[in-house]
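Enquirer:
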Amino acid sequence: MKNKIVLFDLDGTLIDSTQAIYESFCTAFKAFNKDTPNIESIKKLIGYTLEDIFIALGIEEKECPQYITAYKEHYRQICNKKTILLENAKESILKAYEFAYLGIVTTKTGLYSKDLLQHFNVLQYFHCIIGRENVTKPKPNKEPILKALEALPKGISNSHIYMIGDTPLDILAAKEANIQSFGVLSGYASLSVLQKYTDKIARDSLEAISIIQSI
35 MKNKIVLFDL
45 DGTLIDSTQA
55 IYESFCTAFK
65 AFNKDTPNIE
75 SIKKLIGYTL
85 EDIFIALGIE
95 EKECPQYITA
105 YKEHYRQICN
115 KKTILLENAK
125 ESILKAYEFA
135 YLGIVTTKTG
145 LYSKDLLQHF
155 NVLQYFHCII
165 GRENVTKPKP
175 NKEPILKALE
185 ALPKGISNSH
195 IYMIGDTPLD
205 ILAAKEANIQ
215 SFGVLSGYAS
225 LSVLQKYTDK
235 IARDSLEAIS
245 IIQSI
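With the numbering used here as the guide, the letters of the sequence shown map in order to residues 35 to 249.
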């Protein structure tokens with residue numbers, strides 16, 4: 035019998051789509067004759083919304099919609115080919131599915147998230163996919179987590195509900211939603227950064243799931 039809920043972030047937690055993301059940002063900047071950003075500046079911002087990333091990279095807010103459109107048009111064409119499952123990610127999903135109800139909470143577009151999970155043949159393990167278009171306020175706000183919990187079975191206490199993610203955004207959203215969290219080192223935030231927000235840190239999603247199963 036399943037007695038827990040596990041919510042996963044995507045980028046840096048289950049998948050590595052750095053190449054697809056960076057190429058799509060470069061395509062958007064080139065479309066408007068702007069100098070392309072370097073990859074490290076992009077990696078530091080992965081996890082935030084596209085609008086927030088473009089603004090952080092110097093694009094005016096009023097210009098963001100056209101940049102986002104250019105980004106998405108390119109990303110949609112390459113995301114499956116240039117994204118990989120992280121090491122142990124599929125194993126962590128299968129292991130978690132044995133004892134928990136699963137959901138995805140991401141700032142990535144939900145439509146693309148579903149396509150990617152289908153591509154990797156793991157979509158069927160998830161009860162819900164909450165993406166950027168499904169909420170008004172993304173992580174670190176609690177709204178995406180609460181939206182996911184609405185779609186998941188009720189009656190499981192918050193002490194048995196977990197958010198697994200690789201950035202402070204995931205940890206902060208979990209705290210605001212009054213659920214548990216695990217930071218993982220498979221993505222874009224360093225150990226020293228994650229330690230500022232939580233003492234529950236695992237190498238990757240599989241180690242986090244193994245610990246959660248034993249609790």
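Backbone N, C-alpha and C fix where the C-beta goes; we use that ideal spot for every residue, glycine too.
#1: Do the region 52-69 and the region 90-109 touch if we need at least three Cβ pairs shorter than 8 angstroms?
#2: DSSP state of Ser-191, grouped into three classes?
#3: By the DSSP assignment, the alpha helix (DSSP H) with Gln-152 in it spans what residues?
#4: What does Gly-137 pair with, by DSSP beta-bridge criteria?
#5: So what's Ala-62 in DSSP terms, helix, strand or just coil?
#6: If you pair each beta-carbon of the region 135-146 with each one of the region 162-174, do three or more pairs fall below 8 angstroms?
#7: Helix, strand or coil, according to DSSP, for Leu-119 in the structure here?
#8: Helix, strand or coil for Asp-233 per DSSP?
#9: Can you pull the DSSP bridge partners for Ser-215?
#10: If you draw a straight line from the alpha carbon of Glu-265 to that of Arg-237, how long is it in whole angstroms?
#11: Pairing CB atoms from the region 118-131 with CB atoms from the region 153-161, are three or more of them under 8 angstroms?
#12: Can you tell me where the alpha helix (DSSP H) holding Asp-204 begins and where it ends?
#13: Given this structure, state the Cα-to-Cα distance separating Asn-37 from Ile-190, to the nearest angstrom.
#14: Within a Cβ cutoff of 7 angstroms, which residues of the same chain sit near Asp-43, ignoring the five residues on either side of it in sequence?
#15: May I ask you to report which of helix, strand or coil DSSP gives Tyr-101?
#16: Answer yes if the region 39-58 comes into contact with the region 79-89, meaning at least three C-beta pairs across the two stretches below 8 angstroms, and no otherwise.
#17: Of the choices Asn-192, Tyr-131 and Asp-69, whose alpha-carbon is the least far from that of Ser-244?
#18: Consult DSSP for Tyr-82 and reduce its assignment to one of helix, strand or coil.
#19: With burial defined as no fewer than 16 other Cβ atoms inside 10 Å of the residue's Cβ, what is the status of Gly-92: buried or exposed?
#20: Output the distance between the C-alpha atoms of Gly-217 and Ala-207, rounded to the nearest integer angstrom.
#21: Candidates Leu-225, Thr-232 and Ser-51: which alpha carbon is nearest Lys-115's?
Expert: If we stick to the structure as given:
#1: yes
#2: Working through the sequence shown from its first residue, we reach residue 191 at position 157. Of the three classes helix, strand and coil, the one that applies to Ser-191 here is coil, per DSSP.
#3: Position 118 of the sequence shown, counted from the first residue, corresponds to residue 152. Unbroken alpha helix (DSSP H) run through Gln-152: 144-153.
#4: Translated into positions along the sequence shown, residue 137 becomes position 103. BP columns for Gly-137 point to Leu-41 and Cys-162.
#5: Your numbering for residue 62 matches position 28 in the sequence shown. Three-state DSSP puts Ala-62 in a helix.
#6: yes
#7: On the sequence shown, position 85 is the one that residue 119 refers to. Here Leu-119 sits in strand by DSSP.
#8: Position 199 of the sequence shown, counted from the first residue, corresponds to residue 233. Reduced to three states, the DSSP call for Asp-233 is coil.
#9: Sequence index remark: in the sequence shown, residue 215 carries index 181 (1-based). Looking at the DSSP assignment, Ser-215 forms a beta bridge with Met-197.
#10: The chain is shown only over 35 to 249; residue 265 falls outside these bounds and no answer can be derived.
#11: Judged by Cβ distances under 8 angstroms, the region 118-131 makes contact with the region 153-161, as three or more pairs qualify.
#12: Along the sequence shown, read from residue 1 onward, the residue named residue 204 stands at position 170. From DSSP, the alpha helix (DSSP H) with Asp-204 extends over 202-210.
#13: Taking the sequence shown and counting its residues from 1, one reaches residue 37 at position 3. Taking the sequence shown and counting its residues from 1, one reaches residue 190 at position 156. Taking the straight line joining both Cα atoms gives about 7 angstroms.
#14: For the purposes of this step, residue 43 is taken as residue 9 along the sequence shown, with counting starting at 1. Excluding sequence neighbours, Asp-43 sits near Val-139, Thr-140, Ile-198, Gly-199, Asp-200 and Asp-204.
#15: As a first step, residue 101 is located in the sequence shown; it is residue number 67 there, counting from the start. Of the three classes helix, strand and coil, the one that applies to Tyr-101 here is helix, per DSSP.
#16: Verdict: yes, contact present.
#17: Residue mapping note: residue 244 aligns to position 210 of the sequence shown, counting from 1. Of Asn-192, Tyr-131 and Asp-69, the residue nearest in Cα terms is Tyr-131.
#18: To locate residue 82, count along the sequence shown from 1; it is residue 48. Of the three classes helix, strand and coil, the one that applies to Tyr-82 here is strand, per DSSP.
#19: Translated into the one-based positions of the sequence shown, residue 92 becomes position 58. Exposed: under 16 other Cβ atoms inside 10 Å.
#20: As a position in the sequence shown, residue 217 is number 183, starting the count at 1. As a position in the sequence shown, residue 207 is number 173, starting the count at 1. Put simply, the backbone Cα of Gly-217 is about 12 angstroms away from that of Ala-207.
#21: Locating residue 115 in the sequence shown gives position 81, where the first residue counts as 1. Per the Cα distances, Ser-51.
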